[in-house]
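Residue 58 in the numbering used here is what sits at position 62 of the sequence shown, and the numbering runs on without skipping anything.
The structure under discussion appears below in the form of structure tokens.
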Amino acid sequence: MRPGVLVVDKPAGPTSFEVVRRIRRALGAARAGHAGTLDPAATGVLAICLEDGVKLQQFLSDGDKAYDATVAFGAATSTEDAEGEVTARGDASALTEDAVRAALAGLTGEIEQVPPMYSAVRVGGRRLHEAARAGETVDRTPRRVRVHALELGALEPAPGPDGLRRARVAVRCGKGTYVRTLAADLGRAVGVPAHLAALRRTAASGFDLSRAIGLEDAEALARERGREALADRIVPMAEALGALAAIRLGEREAWDLVHGRPVPRPPGTPGMVRALAPDGRLVAVCAPGEGRLRTLRVFLGPSDLRAGPAQNR
């Protein structure tokens, strides 16, 4: 099986780790990992890195993400989502679309966000969710995150039988943003307790839902038609980093880069780039460095290239 990325449409229920385990078993992969956790109740885009593709995780997880979020006004919860216990209630009947839009504008841009207690963030060497399950509350330092856009799709005209009034919100944000905390903060901004009722990730790691295959569909294909039936679904490593500008190397340049020798940086090249071998394979991810390519991660070894030009042998 070639290394690369399989984009999965994660269903509600399994953890991201469980999705990785099931895909790894279905494909018989020796190595696999994901490029950005989704909570068990959340659905949508989860990039599964396979074989040497696991080396891409650090780059894929840093990208922007997009979500379709459902915010429920009328109740706050201990986990800031529908999984927790209700901690406060309020009347959402007088809430207006204008008020929600104004509050969303105030949560857009570079903001400070306090990580939720039920999260994997470490404080003092301990994960917050471990402290939360022990009944403890830990002081948390706000983090700077970037929210590119928050757009109100629809607000229900009145609360339902459960006393909750739901709104659909499209979210585009940067790494480390907790959408459930945005939902809770939105409630505080409009004066009505709120929590995240549902979440679907529509884009992440440079991929959107159009590239994704359902978890059960992937398992069924591998079971019924063989693992090779998913080969065309696996995005090659060079393509998986398509958000980065590409530099096509010559044979000698690829050889030198793999061996740690300086390779001139083409004038006008943007920041971080992917360096490709003559045949299109991903050689390295590079950053600017004194007029040369400074490697952040090398993906090919000397044995992966031809012996090189005569002067390099």
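Ideal Cβ placement from N, Cα and C applies to all residues, glycine included.
Remember, predicted model here, so these are calculated numbers, not experimental data.
Would a C-beta distance cut-off of 7 angstroms place residue i and residue j closer than the cut-off?
i, j, result
"Met268", "Leu296", "no"
"Gly256", "Gly59", "no"
"Thr66", "Arg197", "no"
"Gly0", "Pro232", "yes"
"Leu292", "Val281", "yes"
"Arg139", "Glu106", "no"
"Leu3", "Ala208", "Residue 3 is actually Val in this sequence, not Leu. Yes; because the gap between Cβ atoms is below 7 angstroms, this pair is in contact."
"Ala148", "Arg184", "Note that residue 148 is Leu in the sequence shown, not Ala. For Leu148 and Arg184, no; Cβs fall outside 7 angstroms."
"Val310", "Ala95", "Lying outside -3 to 309, the shown extent of the chain, residue 310 is not represented and no answer is given."
"Ala90", "Gly70", "no"
"Pro36", "Leu211", "no"
"Tyr174", "Pro263", "no"
"Gln109", "Thr33", "no"
Between which residues of its own chain and residue i is the CB-CB distance below 7 angstroms, once the five residues before and five after are set aside?
i, result
"Leu146", "Leu100, Leu103, Thr104, Val165 and Val167"
"Arg277", "Ala234 and Leu296"
"Gly304", "Low confidence applies to Gly304: its pLDDT is 49, below 50, so where it sits in the model is not reliable enough to give any reading."
"Lys51", "Arg293 and Phe295"
"Glu220", "none"
"Gly9", "Pro36"
"Arg223", "Met(-3), Leu23 and Gly24"
"Arg229", "Leu2 and Ile209"
"Ala179", "Ala65, Val67, Glu76, Ala190, His191 and Leu192"
"Pro266", "Ala241"
"Asp213", "none"
"Ala225", "Leu217 and Ala218"
"Gly287", "Pro260 and Arg261"
The alpha helix (DSSP H) that contains residue i, what's its start and end?
i, result
"Arg17", "Ser12 to Leu23"
"Leu182", "Val175 to Val186"
"Val96", "Glu93 to Gly102"
"Glu108", "It is not in any alpha helix (DSSP H) - Glu108 instead sits in the beta strand (DSSP E) that spans Gly105 to Gln109."
"Glu147", "Segment Arg139 to Leu151 is the beta strand (DSSP E) holding Glu147; no alpha helix (DSSP H) there."
"Ala78", "Where Ala78 is concerned, there is no enclosing alpha helix (DSSP H), given that its DSSP letter is neither H nor E."
Hey, quick one: how far does the beta strand (DSSP E) through residue i stretch, first residue to last?
i, result
"Thr83", "Val82 to Arg85"
"Val50", "Segment: none, Val50 is in no beta strand (DSSP E) and carries neither H nor E."
"Ala60", "Correcting the residue identity first, residue 60 is Asp in this sequence and not Ala. No beta strand (DSSP E) holds Asp60; DSSP gives it neither H nor E."
"Ala194", "Ala190 to Ala200"
"Arg161", "Arg161 to Cys169"
"Arg333", "Given a span of -3 to 309 for the chain in the structure shown, any question on residue 333 remains unanswerable."
"Asp5", "Gly0 to Lys6"
"Gly297", "Gly297 -> no beta strand (DSSP E), and no H or E assigned at all."
"Gly29", "Ala28 to His30"
"Thr133", "From DSSP, Thr133 is part of no beta strand (DSSP E); its letter is neither H nor E."
"Gly40", "Thr39 to Leu46"
Under 7 angstroms between C-beta atoms, does residue i make it to chain D?
i, result
"Thr11", "Protein chain content of the structure displayed is limited to a single chain, and chain D is not contained in it."
Identify, in the order they occur along the chain, each residue of the same chain with its Cβ nearer than 6 angstroms to the Cβ of residue i, setting aside the five sequence neighbours on each side.
i, result
"His397", "Absent from the structure is residue 397, since the part of the chain shown begins at -3 and ends at 309."
"Leu56", "Ala31, Ala43 and Ser201"
"Ala306", "For Ala306, the predicted model reports a pLDDT of 41, less than 50, meaning its position is unreliable; a value from the coordinates is still stated below. There are no such residues."
"Gly159", "Gly70"
"Ala242", "Arg270 and Leu272"
"Val82", "Ala71 and Thr73"
"Ala62", "Arg168, Thr198 and Ala199"
"Ala283", "Met268, Arg290 and Leu292"
Which residues in the same chain as residue i place their Cβ atom closer than 8 angstroms to its Cβ, once the five residues preceding and following it in sequence are excluded?
i, result
"Leu205", "Asp5, Gly40, Val41, Thr198 and Ala199"
"Leu245", "Leu253, Val259, Ala271, Leu272, Ala273, Pro274 and Val279"
"Ala25", "Met(-3), Ile19, Leu46 and Glu47"
"His144", "Asp60, Thr104, Arg168, Cys169 and Gly170"
"Ala154", "Ser89 and Arg161"
"Glu93", "Leu148 and Leu151"
"Leu301", "Glu247, Ala250, Trp251, Val254 and Ala273"
"Ala227", "Met(-3) and Arg(-2)"
- Message: Count Cβ pairs between the segment 185 to 205 and the segment 71 to 82 that sit closer than 8 angstroms; are there 3 or more?
- Response: yes
- Task: Entirely within the segment 226 to 284 and at least 4 residues each: give me those alpha helix (DSSP H) ranges in chain order.
- Result: 233 to 236 and 247 to 254
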